[in-house]
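Trainee:
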Amino acid sequence: MECTDRILSCGYTGPVSVEKKEDILRSIVLYSTVRLLPMLQQICSGMKLYGLLSLVQKEKDICRQLFVLGSFSKVDADFLVKSLSPVFSEKGTMRRQRECRVVNFLQEFIQDMEDEGDKAVLINVGKFCQWLTGQAHIPLSHADREGFSITIEFDHDCQVRFGTHSICYPIVNACSCSVTFPVAHLTTQEEFRRVIAQAITYGYDFGRS
Ligand SMILES: [Zn+2]
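The sequence shown: position 191 = 179 (the working numbering), numbered continuously.
1. Compare the Cα-Cα distances from residue 112 to each of 29, 57, 68, 20 and report the closest residue.
2. May I have the straight-line CA-CA distance separating residue 140 from residue 15, to the nearest angstrom?
3. Which parts of the region 114 to 170 are runs of the beta strand (DSSP E), unbroken and 3 residues or longer, counting only runs that do not cross its ends?
4. Is DSSP giving residue 73 helix, strand or coil here?
5. For residue 188, I'd like the list of residues in its chain whose CB is within less than 6 Å of its CB, leaving aside the five on either flank, ordered along the chain.
6. My output table needs one value for residue 32: the three-state DSSP class, helix, strand or coil.
7. For residue 157, which option in 89, 170, 165, 53 has the closest C-alpha, if you only look at C-alpha atoms?
8. In three-state terms, what does DSSP make of residue 19?
9. Just to confirm before moving on: does the CB-CB distance between residue 96 and residue 147 stay below 9 Å?
10. Are residue 73 and residue 20 close, meaning C-beta to C-beta below 9 Å?
11. Please indicate yes or no: does the CB of residue 65 lie closer than 8 Å to some heavy atom of ligand 1?
12. Spatial neighbours of residue 197 within its chain, please: C-beta separation below 7 Å, excluding the five flanking residues on both sides.
13. Any idea if residue 163 is buried or exposed, counting beta-carbon neighbours within 10 angstroms, 16 or more meaning buried?
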């Protein structure tokens, strides 16, 4: 009985009783829908202005992610590792060896992040992807997903440029989806983890020191 007022305000005019539950529910649903319709229509005409409405109608699955909370496909380690596209030096060179080592560290790091889950580490795969590409979800459309790649470049010469110094951080260019790793500072898995973790934790444009 405590809901009687609210039921009546929905436009239901019959007796309020458990037996009439179905009728009452129908009235409430109708009332709520009718109230929402003008708002939805307004959104539609707004989207039409930018040609978005026809796109939404055509690409329902892709666009659902824009409107429904939590429907973004999360990044997983597998997707990320597959997207890595290193620009290696010539085969057989010392540089190439070091570059391969860095890529191995990176793959291991990504896999560990996923295995350890959110609780064990401050950085998860989503956060890492955000740092690297500017977005924490995988690209929306199938075509974008297929073409998605993260360019990995290597800097071998920071010692030459800066003289004696203790640390450099990877330089990310989120717009072009590329990252340059300072090879000289990434000689062990531990060192790699430490440098990456610091770079992600302390932001995008961490300078050299
Ligand atoms: Zn350096």
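For each residue, glycine too, the CB sits at the ideal point set by N, CA and C. Please read all numbers here as calculations on a predicted model, not as lab measurements.
Mentor: The short version:
1. Between residue 112 and the set 29, 57, 68, 20, the nearest pair of CA atoms involves 68.
2. The alpha-carbon atoms of residue 140 and residue 15 are separated by roughly 59 Å.
3. Entirely contained in the region 114 to 170, the beta strand (DSSP E) runs reaching 3 residues are, in chain order, 138 to 143, 159 to 161, 166 to 170.
4. Residue 73: strand per DSSP, three-state reduction.
5. Counting only Cβ-Cβ distances below 6 Å, and skipping sequence neighbours, we find 111, 119.
6. Residue 32: helix per DSSP, three-state reduction.
7. Residue 157 has its Cα closest to that of 170, out of 89, 170, 165, 53.
8. The three-state reading of DSSP puts residue 19 in helix, counting H, G and I together.
9. Against a cut-off of 9 Å, the Cβ pair of residue 147 and residue 96 comes out as no contact.
10. The answer is no: Cβ separation not under 9 Å.
11. The answer is no for residue 65.
12. Note on residue 197: pLDDT 36, under 50, position unreliable in the model; the coordinate value appears next. Here the set comprises 155.
13. Under the 10 Å beta carbon count, residue 163 is surrounded by fewer than 16 other beta carbons and is classified as exposed.
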